[in-house]
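Numbering (the numbering used here), first residue to last: -1 to 342.
Structural data, given as structure tokens:
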């Protein structure tokens, strides 16, 4: 079963991601990958550089990386060891200047500058790289903590969130009209309140439009459709719908909607007649992390969709966290998406 799905994913990735990779290559951006100890990351670095999706810097010890990855052509990849980099001291000073008001000492900043992830994020902050992709062998906290401390959220963005691009298998899916869904938030915010949920919906719609090329139709999901059930969780989503419409009245957005009402036209006609979104949603906003994480994994494992992400939304400069179960092909895809995020 796994082999069949892998074949489907590979074929569909080449179809969906071809345009994204082509657009990324045209921008000639520079992406840093801190996890030179992971063979998947090394393979992805080589492939991304070969396909000219981005200029790549891989962090780690050059001798060890080459020893552990025989046969991988790294001639187009820059390999930097933070411990011997001539820029490490300047990065340590940059980190200290950014965090001293929070109690960081010069000694702590110097120590952290040897850490690959901190070093990579400091490269981005200093303008020596345009974006960062990490998380293949480190936790989300290891990737996002330096990002939140150093790069921070973009002006006017109240919180950083995440989304997945869910790519339909070859041959399509009857409920995926555009060949891809955007699911959010499936990887970061555990239990967003109504205002946070509204902000997640708005930025996810922007991501869907700018990265996936969709005309976003946003469904705010719940176990209730238009008041069919009464519960504080339903009230939270209903309030988020009202806030999102107030903040971004131009968006095609509706809720609260059950999943079948969001995707199945016949059900939508019965449960939410007259809705511009019901039956045709392509951006699905989950009420909490439980629902989002379960939803994307069900879609991936049982539906045969390719899950690309989590893609972080809202950083001042692109920083993306990988799933630790990712394949090297997924990392290449995330590199391409990170490049495109530099234009947002």
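Cβ coordinates follow ideal geometry from the N, Cα and C atoms, glycine included. Given the structure is predicted, the values throughout are model-derived calculations rather than measurements.
Residue 141 burial status per 10 Å Cβ neighbour count (16 or more: buried): Label assigned to residue 141: buried.
Within 8 Å, strictly: CB atoms of residue 259 and residue 276: The criterion of a C-beta distance shorter than 8 Å is satisfied by residue 259 and residue 276.
Length of the line joining the Cα atoms of residue 32 and residue 111: When the Cα atoms are used, residue 32 and residue 111 turn out to be separated by approximately 12 Å.
Residue 311 - DSSP class collapsed to helix/strand/coil: Residue state for residue 311 is assigned as strand, using DSSP reduced to three classes.
N- and C-terminal bounds of the alpha helix (DSSP H) containing residue 218: Annotation for residue 218: no alpha helix (DSSP H) segment contains it, though the beta strand (DSSP E) segment containing it runs 215 to 219.
Residue span of the alpha helix (DSSP H) that contains residue 158, given as start and end: First-last for residue 158: undefined, no H or E at that position.
Limits of the unbroken beta strand (DSSP E) element including residue 178: Boundaries of the beta strand (DSSP E) around residue 178: 178 to 182.
Contacts around residue 207, its chain only, beta-carbon distance under 8 Å, and the 5 residues preceding and following it disregarded: Close CB contacts of residue 207 within its chain, under the 8 Å cut and outside five residues either way in sequence, are with 213, 214 (chain order).
Per-residue burial, residue 189 [other beta carbons within 10 Å of its own, 16 or more giving buried]: For residue 189, the number of other beta carbons within 10 angstroms of its own is below 16, and it is reported as exposed.
DSSP state of residue 254 mapped onto helix, strand, coil: The three-state secondary structure of residue 254, taken from DSSP, is strand.
Simplified DSSP state of residue 37, which is helix, strand or coil: In the structure shown, residue 37 sits in a helix (DSSP, three-state: H, G or I).
CA nearest to the CA of residue 49, picked from 17, 60, 35: Closest option to residue 49, Cα to Cα, is 17.
Local conformation of residue 323 per DSSP, three classes: Coil, per DSSP.
Touch test, the segment 311 to 321 against the segment 283 to 300, Cβ-Cβ under 8 Å, three pairs minimum: The segment 311 to 321, when compared against the segment 283 to 300, does not touch it at the 8 Å Cβ threshold.
Alpha carbon of residue 240 to alpha carbon of residue 217, nearest angstrom: So the two alpha carbons sit approximately 13 Å from each other.
For residue 303, the three-state DSSP class (helix, strand or coil): Looking at residue 303 - three-state DSSP - the assignment turns out to be coil, as it is neither helix nor strand.
Burial state of residue 341, where buried means 16 or more other Cβ atoms lie within 10 Å: Flag for residue 341 reads exposed.
Residues that DSSP places opposite residue 55 in a beta bridge: DSSP, once it has assigned bridges, lists 30, 76 as partnering residue 55.
Cβ neighbour criterion (16 or more within 10 Å) applied to residue 220: With 16 or more other Cβ atoms from the protein chains shown falling within 10 Å of its own Cβ, residue 220 counts as buried.
Residue 309 at chain D interface by Cβ criterion, 8 Å: In summary, chain D is missing from the structure at hand, where a single protein chain is found.
Span of the beta strand (DSSP E), counted from its first residue to its last, around residue 132: Segment 129 to 132, the beta strand (DSSP E) holding residue 132.
Residue 92 - containing beta strand (DSSP E), residue span: Here residue 92 belongs to no beta strand (DSSP E); instead the alpha helix (DSSP H) covers 86 to 97.
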